[in-house]
Every structure is written in C-alpha cells, then in structure tokens.
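Same order as they appear, the protein sequences are chains U and E.
Be aware that the first sequence starts at 1, since it is given in this note's numbering, and climbs by one per residue.
Be aware that the second sequence starts at 1001, since it is given in this note's numbering, and climbs by one per residue.
2 protein chains.
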Amino acid sequence: MLKDFEKNKPEEKSVLSAEIKELRAKLMAMQEPLREKKLPILVLIEGWSAAGKGSLIKELISELDPRFYHVESPAVVPESEARYPFLYPFANAIPENGSLTFMDSGWMESLVRKLMHREITEKEYRRRVRQVNEFERQLRDGGYLVLKLFLHIDQEEQKERLSALLSNPETTWRVTEEDIWQHKEYKHFRNAYEEFMDKTGDTIHWHVLDASRRKTTLRDALRLLVRQTEKALAEGRYVGSPFDEDFPLIKMPKLADVDLTPTISDEDYKKELKRLQDRLSELHNLIYLHRIPVVICYEGWDAAGKGGNIRRVAYPLDPRGFDVMPIASPEPHELNRQYLWRFWKRLPRTGHICIFDRTWYGRVMVERLEGFCTEKDWKRAYNEINEFERVLTEWGAVVIKFWIHIDQDTQLARFTDRQNTPEKQWKITDEDWRNREKWPQYEVAVNEMLEKTSTEFAPWYIIESNDKKYARIRTLKIIVKALEKACENHFEHTLG
Amino acid sequence: MLKDFEKNKPEEKSVLSAEIKELRAKLMAMQEPLREKKLPILVLIEGWSAAGKGSLIKELISELDPRFYHVESPAVVPESEARYPFLYPFANAIPENGSLTFMDSGWMESLVRKLMHREITEKEYRRRVRQVNEFERQLRDGGYLVLKLFLHIDQEEQKERLSALLSNPETTWRVTEEDIWQHKEYKHFRNAYEEFMDKTGDTIHWHVLDASRRKTTLRDALRLLVRQTEKALAEGRYVGSPFDEDFPLIKMPKLADVDLTPTISDEDYKKELKRLQDRLSELHNLIYLHRIPVVICYEGWDAAGKGGNIRRVAYPLDPRGFDVMPIASPEPHELNRQYLWRFWKRLPRTGHICIFDRTWYGRVMVERLEGFCTEKDWKRAYNEINEFERVLTEWGAVVIKFWIHIDQDTQLARFTDRQNTPEKQWKITDEDWRNREKWPQYEVAVNEMLEKTSTEFAPWYIIESNDKKYARIRTLKIIVKALEKACENHFEHTLG
C-alpha cells in the first residue's frame, strides 16, 4: 500500500491551478446546501511528519466561511485528557450538522505512536482498533460524511523536508525529537501505518495521497472532498440500518413480572443506610486512589423516587469527587451532533463518579416514542449504546444501570400527592400526566431496552421502588458490591 | 480578624439539630422560587486546610435536587488551564440562572498560595486582587448572589485534625505536603488570608465561620445562605448601576467624519498582501514560541466585508495555532449566565490567536437596540468590557479591535448584489434589511461604543472598507505592527 506507492506524474502548473480554482469554487458553493441539508463532514488528515498536513488544511480552508468549518488537533492531548477514554478528544471534536471539521492528526496518529512507543500492549491496541471501527461506523450511520486522508512521502522526501526545516533557524523548533525518531524508524512506522489502514479501511475507506508535490496534493484532496460532498448532497444524510452484534447479554424479566411488594422496616432501613453509606464513603477513597472511573445511570418511571435515591447515594461521597448530571432535553448545539456526543462530554475523569439522572437511553424511550429520531435510529441505538458502554468498561470504568420501578397505582398516588402538596407542586407537570397516558407504550420500549442492553459488562438492575426505602438500600448494596469488586480487581491487577 | 477570632460557645445538640432541619427545609422550599426568579447563587467556600470545606459542602447539598446545584473545585487547575488568565477557571464555573454553585476553594486560595510560594510578584498579586474585585462586582451587578465564606480553625485545631488524618492509614494520603507546609507557616498564612479578605471585602462581604464544630459551622452556613437567599428573592435580581472608571481612552472620530474614499490599486494590493501575509506568518511562529495570546475582534456593518477581511488575515496562519470564532445569538445555556461567560470560554490559549467574528460588543449594539438587556445593563457594559479587556492584556494578550466601516450606499449596493447573485443569496436575510433600517440608531450606539471603549491597552481601529482591498491591507498592517511590538516587548522583558 505505502511501500510500492506510485507517485503522481508532474503536471502542468497552470492546468493544476485552474482545476484547484474550479474545485474551490465548487466547495464554496456547497456551504449553503450543506447547511440546509444539515450534513456534517469530518475530514481526518493523517500522515507522515513533515508531509504537510498543516499546510494542506491551510489551503483547504483559505476561502471558506469561518462559520462553516473548524480545525481541530486533538491527537496532542494535554495531560488532563489522559484521564479520559482514548477516543474522548476525538469524540468531543466531531463537527456540528452543516459544518466541516478538519482534524489535523487523529486516532491513527494517536494509536500508532502509542504502539511504537510501547505505551500500550498489542492486545490494548487491537481493542482500540476495534473501538475506532465502531466509532467511525457510528458516525457514518448517524449521517456523518467521514473522509480519511493519509499524506504520504517517502523516506528520502521526508529527509529533505526535515533537513530544510532544521537548517533554517526560524523553523528549527518545528522539528521535534519525535519527528527525527520517526524518520529513523521510517520502515517500522510504514508497517504500522499500513497495518492500521488495513484494519480500519472496511467501513470507511482510506485515501493515500501523494504528498510530495503540495499543489497536486491539494488538488487531490479537493477532488475527493468535492466529489464525496456532491454525492452526499445528492443522496441526502445517510441513516444506518440496525444491526446485531453478539453481546454477552443477561436475561432480564419483563417489567410486568417484577414483584413490587418488597418493603423494609424503618429500623432496618436506618441501620442498613448507615452501614452502606459508611462503606460507600470508604470505597470512594479507594476509587479515587486507584483512579477508577464510575458511571451510575438512573432511569425509571416519573415519581419512582430517582431523586431521593440519588441523594442517598451521593450523601456519603466527597463532593470534590463526584457529579450528578441531570439530563434534560438536548440544547440546540447538542441536537446538532451525534446523540452520544453530549454524554461523551460529560464523562467523569478517572477516579471520579458520575451519576446520570436520566441517560443516553432517552434514545430508545422518549426519542423513540415521541418520534424525535427515525425508527432505524433508535433500533440501531441498542448496539451503539452497548459499544459505547463497552468502551467505558474497557477504559476501566464501573458502569451500573438502574431502572427504578413502580406500578401505575403507586405513580398515581404520588402524582396526586404532589398535586395536593403546595411545596411539591412544581415537581408535577402536564408532561408527567401525558407521559403517564403512554405507560403501555413505554413499557414495551423499556422491556426491549432491558432485553437488549443488559450486558455482562454493564448490567441493568430493576429496582423495586413501591417502597422507596427498600429501593435505596437495594441500589446502595449494588453499588457497594460493584465498587468492592472493582477495587479487588484493581488490586489483583496491580499484583500482576 | 482571624487572630482574635472568637469561637462559638458549645450549643445544645438537639436545639442545633432542630435548627439545621428547619433551615434545610427552608432551603429546599427555595429551589423552585429561585428557578422562577432566575436567580443564580455562587457560594464560595474558602478556608484552612482540614477546616472541613468538603464536609460542609456535602452537608449543604445533601437534600438538594441535583438539577439545582453544582460543586466545583476550580482552584486546582490542571496544567492546561495554566495557559489561560488566572480568573479563567472561576469565570467558567459560575452558576446558571436559577441554580447554586458551591465552589470548593476559589480565587482566594489560588492567589494566597501563589503569593506564599512566591510564584507571583507583589505587583502581580495586587493586580489580581483588583481583578477579583472587578469580577465579583460584575457578578453582583449581573444579578448574582455571591456568598463568601471562610472556614476558620486555629493552629491547634488544625494540628489535631491533620494528626488524626495522618494516623489513620486510610486517610494519610489526604494530607498533602502543602497542608503540612501551611500548618508550619500558619501565622504567615493567617496574615495573608486576613490581608486578602481585607482587600476584597468592600463589594461583597466576607463571612468568617468558626469551623471547629462541624454542626455549628453547618448551621451558621445554612443561616447565611437561607437569609441572603430570602432577601434576594424578596428584592428580585439585582441590576447594577452604570459607573465610570477612569480608563486611558483614545479619542475616536465620529463615524460620520470618517473619510471612506481611500482605495488601493490592484497592483499595490497584490504586492502588499503578499508582503504582509508573509510577515504575519513569520510573526505567528514567534507568537507561538513566546506563548503570547492574541485576540482580534471584528465588528462592523452588515456586508462591510468582515468575512473576506478575516480570511486574508487567517490565510497565512498555521491552522493549528488559531481559531475563528463566529459569534451568533447566545444559546439558552449561554443566555442563562453573565453575558461575558461565553467569551471567557472561548479565549485562546497562550501562543494562540483567536479571531472573533462579532464579539462581546453585541451587548452595547444589538442587545441595546433590541432591548435584550436593560438600559442599566448596557450602560454598565462599557466599563465591564474595559475591565475584561484589561484582564486580557494584563495576562499578556494582544487585543486588537476593528470596526469595519462602509457607508449606507455601499451597503445597499452590496445587499442588492447579493440578492441578485444566486450563489450569494444565502448571505442576505430579512434581518439584514431590518437592521439596515435602524442604521441611525446603530450609528449612535457605535459612536458611543468607540468613544467609551477605545482604551490604550485595547484600541479600536475604524477600517475604511468601501474599498474592501484597501481595508484588508489596513487590518493586516495593524495586526503586523501590533504583533511586532508584542514580540519586541517580550524580548526586552526576557532580557530583563
């Protein structure tokens, strides 16, 4: 692929310039249609050191409206971002609908570097390659046009460019030790790049561009960009089809079969609450020390007691080490991106706990039932969400998901109580009553969600919450157990 | 203040508990009214190491709805945030309307630590104290309730607490070298804390709480929070009055007196454009090397040629080192915070260039004219903006502001051209025509803005743009000159 790469023939300069001008005009004219069709475009520009990635981007954007594009360089992650999953900076940098993002080095550079430096194992590398493939597919299926370019120069060309930079005192600093090391290890890098492209080219094709002549490279990049954009505009936003990966699922009961009668005495409740909260407080210290990230998800019927439950879990935690994230309807800038984007942004750092009060599962509940996304979208989401949660657990996170469950009578009693108690009235809205009418539809959706997304790595727990106190003790027990296990695993892992 | 601080007398535990319970219930009941009145509350909790800041926050939030509060610990800034102005993490962490933010250590801890470690000079410290006072006043004037607490324990009490933590293997790690150092230097720290409170207590009062008995501290904090919130709810959101600080202003001509006839020949334009862009490219390297941040602001009439002008400035820049920030109407989460918040968030890192396509000056133009803020708000904004820009320049930023100017006939010609050219039609909207009708009102507002905010440290430049090419050469020249000066100053500064 790279070894026997055939360079472009030299071309007549004026012909080249004319073509570039024409392509630029076409790209310019596409800005508005893209905005209308809400098409987001991600152009990933990878390649050798000194291949001219920056210069290419400079030329590509030179006539574009700044409202229309962004340039991102997420591969160089500051220390703080090392505390997030590997894909975090890239997932954060995806474009908004109707706009273009040029990514100056991305997941390829990040992974190949780490592999060459032996900062990750072969096994971890393969895992991340799989994550990359999933990430790219999710973008494509979510209507993103992803264009992947690799700027290629041979070893000789790289030598010339690096020497030129080094010999000029004003540009010497641009050549890093990494660059020189890459040049020395050119063949090893070439193999690594080739292998990476080989393993990540099925869903979204790689385009290797001859980067030895800047103008030709620009023309080639523009051609690809214009053609693919034209095609996407003609075809409209792609909507991926549902698919089923074979995730290790845990069999879940139907909601209707859940016994909601369990209760707890006040005395036992007090005793257990104290014991479990004290233990959770200790575990929070360990979690922080071992830098284990924790994601706790709450979903459930309106008035099921999510809020009070969350407060009992949060109470023993050090406020500097956790966040409760209430998830409301997405804001415009969130709606304008792939639906998981706003959750990527809210992930906890390593050693921190994030409690989500409602989650990404809105996709397969409210968004499904209210028609906020297409049928294909929510049907695809089960697998996408499983993939997302697998990324989290592979990163080392503990992921726990609760469905806080009550029956319809209990809900009615609580709604009525809220309506009749002045201090609680704000907690009950017309929307709650409307949602209540859709109980049967929601029940179908929730059952399907539980069936398809309760994985061994991120299981669902149905929490019987007709007795709120019983429910609180249940969630606390589950969390304590999961954190204890995580700390033990960490300990074993450390001992080797 | 701290030296002769009188401790609380021990109180009957059951009485204390009853009062806490009552206060908590009051706070709970305030959540909804706060949301309705859109009141944001910032509770800054400062104090000694081991005084119990975290525990206090834990108790304060224990019964609150998570949608209602946030806990932030911005004083511990990761490396990457050291590349922003000192106030950056705090300005980023201010609460949304209708919600509470508890800040676990803030600007006090950050500044006192840096002073004690001699990481900043006395002069820089005084500057930052002034910035803090301005920042707090801007929050208050923008309708924020700011409550500043200092948790006080004496040296003996601190010793006991640190010893207790150190003697328990599970908590040893919680005591840092900094904590031990503070304990050794207790008296120096006490003086520094006192001095800081003394210098920052005029606008917003400091409350020193006896932190030697946790329950009493909690009660005292709750009392303050409940009382001040009650008061704010009764009085409604505060709107600060306009004021005039004596900034070093540059006299600006009235727009009507600006000669718009200057033009440039195509030949000169090409020559100058090439020369200036080449120079700007060199300067961008230096800026990056010296870590000088650059903020370039564009304002101007619709169709004045801002976009094309920005593109010519951006073209020679390395795309990894600059951003163009198009500023549109604020999104809901932006509208729900002090108006400068969304600009704080978009500041460039040191060594980077940020070009704002429209800016914070919307406050005194569109927001003024369309009634999006009160008269007091926009009248106060002149000084607030001068303060904001002074913070930027004191941080080391180059701030350049352009008013891209044309006359009404030129605008009409360009509007008509856009209307009649299919590829340009998207650039012209009904709003543009409506704004055009308000030209006289805008002219008054712009003149006032230029008069009141063209400071020596962040001057306005009126750019004659009836001839767009002339305008581009003008802005490039101004930018090149300003960056050359900044690099020289940096050089002199480095030489001492």
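No residue lacks a Cβ here, since even glycine has one placed at the ideal position from N, Cα and C.
Practice problem: Tell me, please, whether the segment 1305-1322 of chain E touches the segment 297-310 of chain U by the rule of three or more beta-carbon pairs shorter than 8 Å. | Solution: The segment 1305-1322 of chain E makes no contact with the segment 297-310 of chain U; the number of CB pairs closer than 8 Å stays below 3.
Exercise. Inspect the beta-carbon positions of P1326(E) and R67(U) and report whether they are closer than 8 Å.
Key: Residue mapping note: residue 1326(E) aligns to position 326 of the second sequence, counting from 1. Residue mapping note: residue 67(U) aligns to position 67 of the first sequence, counting from 1. With a cutoff of 8 Å on beta-carbon distance, P1326(E) and R67(U) are scored as near each other.
Exercise. Show which residues of chain E have a CB atom less than 8 Å away from the CB atom of V497(U).
Key: No answer is possible for residue 497(U): the residues shown for chain U start at 1 and end at 496.
Quiz item: For the segment 1141-1155 of chain E, which residues have a beta carbon sitting closer than 9 Å to at least one beta carbon of chain U?
Solution: Shown here is that no member of the segment 1141-1155 of chain E has a Cβ falling below 9 Å from a Cβ of chain U.
Quiz item: Where does E1072(E) land, buried or exposed, given buried means 16+ other C-beta within 10 angstroms?
Solution: The residue given as residue 1072(E) occupies position 72 in the second sequence. By the 10 Å Cβ count, E1072(E) comes out buried.
Practice problem: Find out if the Cβ-Cβ distance for the pair W1341(E), E1331(E) is shorter than 8 Å. | Solution: Sequence index remark: in the second sequence, residue 1341(E) carries index 341 (1-based). Sequence index remark: in the second sequence, residue 1331(E) carries index 331 (1-based). It is not a contact, given that the beta carbons lie outside the stated cut-off.
Exercise. Could you have a look at H1405(E) and say whether DSSP puts it in helix, strand or coil?
Key: Your numbering for residue 1405(E) matches position 405 in the second sequence. H1405(E): strand per DSSP, three-state reduction.
Quiz item: Beta-carbon of A1029(E) versus every beta-carbon of chain U: anything under 8 Å?
Solution: As a first step, residue 1029(E) must be located in the second sequence, where it is residue number 29. It does: the Cβ of A1029(E) has a partner Cβ on chain U nearer than 8 Å.
Quiz item: For chain E, is any of its Cβ atoms less than 8 Å away from the one on N435(U)?
Solution: Within the first sequence, numbered from 1, the residue matching residue 435(U) stands at position 435. No, N435(U) lies away from the interface with chain E (no Cβ there is under 8 Å from its Cβ).
Self-check item: Reduced DSSP secondary structure (H/G/I, E/B, other) of Y1084(E)
Solution: Reading the second sequence from its first residue, position 84 is the one you call residue 1084(E). If DSSP states are grouped into helix, strand and coil, Y1084(E) belongs with coil.
Quiz item: D430(U) lies in the beta strand (DSSP E); which residues open and close that run?
Solution: In the first sequence, counting from the first residue as 1, residue 430(U) sits at position 430. Run containing D430(U): none in the beta strand (DSSP E); it sits in the alpha helix (DSSP H), D430 to E437.
Self-check item: Span of the alpha helix (DSSP H), counted from its first residue to its last, around D1220(E)
Solution: Your numbering for residue 1220(E) matches position 220 in the second sequence. Per DSSP, D1220(E) belongs to the alpha helix (DSSP H) from R1214 to E1235.
Self-check item: Cβ of S1099(E) within 8 Å of any chain U Cβ
Solution: As a first step, residue 1099(E) must be located in the second sequence, where it is residue number 99. The beta-carbon of S1099(E) is placed no less than 8 Å from the nearest beta-carbon of chain U.
Quiz item: Whose Cβ in chain U lies nearer than 7 Å to the Cβ of W1173(E)?
Solution: Mapped onto the second sequence, residue 1173(E) falls at position 173. Near W1173(E) (Cβ distances below 7 Å), the residues of chain U are L289.
Quiz item: Alpha carbon to alpha carbon, how far is K26(U) from L1412(E)?
Solution: The residue labelled residue 26(U) in the question sits at position 26 within the first sequence. The residue labelled residue 1412(E) in the question sits at position 412 within the second sequence. C-alpha separation (whole angstroms): 27 Å.
Quiz item: Residues in its own chain within less than 7 Å of K7(U) by CB, not counting five upstream and five downstream?
Solution: For the purposes of this step, residue 7(U) is taken as residue 7 along the first sequence, with counting starting at 1. Closer than 7 Å at the Cβ level, and outside the excluded window around K7(U), lie D210 and S212.
Quiz item: Since V1295(E) is in the beta strand (DSSP E), which residue starts that stretch and which ends it?
Solution: Here residue 1295(E) is taken as the residue at index 295 of the second sequence, counted from 1. V1294 to G1300 is the span of the beta strand (DSSP E), which, as asked, contains V1295(E).
Quiz prompt | Between the CA atoms of L2(U) and G496(U) - distance to the nearest angstrom | solution = Here residue 496(U) corresponds to residue number 496 of the first sequence, with the count starting at 1. Here residue 2(U) corresponds to residue number 2 of the first sequence, with the count starting at 1. Summary for G496(U): the model assigns pLDDT 49, below 50, so the residue's position carries little reliability; its value from the coordinates is reported in the next sentence. Going from the Cα of G496(U) to the Cα of L2(U) covers about 39 Å.
Quiz item: Can you tell me whether L1149(E) is buried or exposed, with buried defined as 16 or more other CB within 10 angstroms of its CB?
Solution: Start at 1 with the first residue of the second sequence, and residue 1149(E) comes out as number 149. Taking all protein chains in view, the Cβ of L1149(E) is crowded by 16 or more other Cβ atoms within 10 Å, so the residue is classified as buried.
Quiz prompt | Partner residues on chain U for E1423(E), Cβ-Cβ distance less than 7 Å | solution = On the second sequence, position 423 is the one that residue 1423(E) refers to. Chain U residues near E1423(E): A29.
Self-check item: Amino acids of chain E, ordered along the chain, whose beta-carbon sits closer than 7 Å to that of P326(U)
Solution: Start at 1 with the first residue of the first sequence, and residue 326(U) comes out as number 326. Going along chain E in sequence order, the residues near P326(U) (Cβ under 7 Å) are P1066 and R1067.
Self-check item: chain E within 8 Å of G47(U), Cβ atoms only
Solution: In the first sequence, the residue the question calls residue 47(U) occupies position 47. By this cut-off, G47(U) is not an interface position.
Quiz item: What does a CB cutoff of less than 6 Å around Y1186(E) pick up in its chain, not counting 5 residues either side in sequence?
Solution: On the second sequence, position 186 is the one that residue 1186(E) refers to. So the qualifying residues of the chain are Q1155.
Quiz item: Which word fits V444(U), buried or exposed, when buried means at least 16 other C-beta atoms lie within 10 angstroms of its C-beta?
Solution: By one-based count along the first sequence, residue 444(U) stands at place 444. Label assigned to V444(U): exposed.
Quiz prompt | From A29(U), W107(U) and R474(U), residue whose alpha carbon lies closest to that of D497(U) | solution = Chain U is shown from 1 up to 496; residue 497(U) falls before or after that span and cannot be answered.
Quiz item: In chain order, which continuous runs of the alpha helix (DSSP H) of length 4 or greater are located wholly inside the segment 345-432 of chain U?
Solution: As far as the segment 345-432 of chain U is concerned, its whole alpha helix (DSSP H) runs of at least 4 residues are 366-369, 375-395 and 408-420.
Exercise. Name the two residues that bound the continuous beta strand (DSSP E) containing K1009(E).
Key: Your numbering for residue 1009(E) matches position 9 in the second sequence. Unbroken run through K1009(E): none, as it is neither H nor E.
Quiz item: What is the residue span of the beta strand (DSSP E) that W1460(E) lies within?
Solution: For the purposes of this step, residue 1460(E) is taken as residue 460 along the second sequence, with counting starting at 1. Looking at the DSSP string, the run of the beta strand (DSSP E) that includes W1460(E) is W1460 to E1464.
Quiz item: Between which two residues does the beta strand (DSSP E) carrying D1266(E) extend?
Solution: On the second sequence, residue 1266(E) is found 266 positions in, with the first residue counted as 1. Where D1266(E) is concerned, there is no enclosing beta strand (DSSP E), although the alpha helix (DSSP H) it sits in stretches over D1266 to H1290.
Exercise. Run the proximity test for F372(U): is its beta-carbon closer than 7 Å to any non-hydrogen atom belonging to the ligand ZN?
Key: This structure does not include the ligand ZN; it has no bound ligands of any sort.
Quiz item: Does the beta-carbon distance from K38(U) to G106(U) come in below 8 Å?
Solution: Against the first sequence, residue 38(U) aligns to sequence position 38. Against the first sequence, residue 106(U) aligns to sequence position 106. Their beta carbons are not under 8 Å apart, which means K38(U) does not touch G106(U) by this criterion.
Quiz item: From S110(U) to I1264(E), what does the alpha carbon distance come to, in whole angstroms?
Solution: Taking the first sequence and counting its residues from 1, the one referred to as residue 110(U) is at position 110. Taking the second sequence and counting its residues from 1, the one referred to as residue 1264(E) is at position 264. Roughly 48 Å separates the two Cα atoms.
Self-check item: Cβ-based neighbour list, E387(U), same chain, cut-off 6 Å, excluding 5 preceding and 5 following
Solution: Stepping through the first sequence from its first residue, residue 387(U) is reached at position 387. Result list for E387(U): E134, in chain order.
Quiz item: Among K1469(E), N1309(E) and P1293(E), which one has its Cα closest to the Cα of Y1508(E)?
Solution: Outside the displayed range of chain E (1001 to 1496) lies residue 1508(E), so it cannot be described from this structure.
Practice problem: Select from Y1442(E), A1381(E), L1483(E) and C1373(E) the residue whose C-alpha is nearest the C-alpha of S1281(E). | Solution: Taking the second sequence and counting its residues from 1, one reaches residue 1281(E) at position 281. Of Y1442(E), A1381(E), L1483(E) and C1373(E), the residue nearest in Cα terms is L1483(E).
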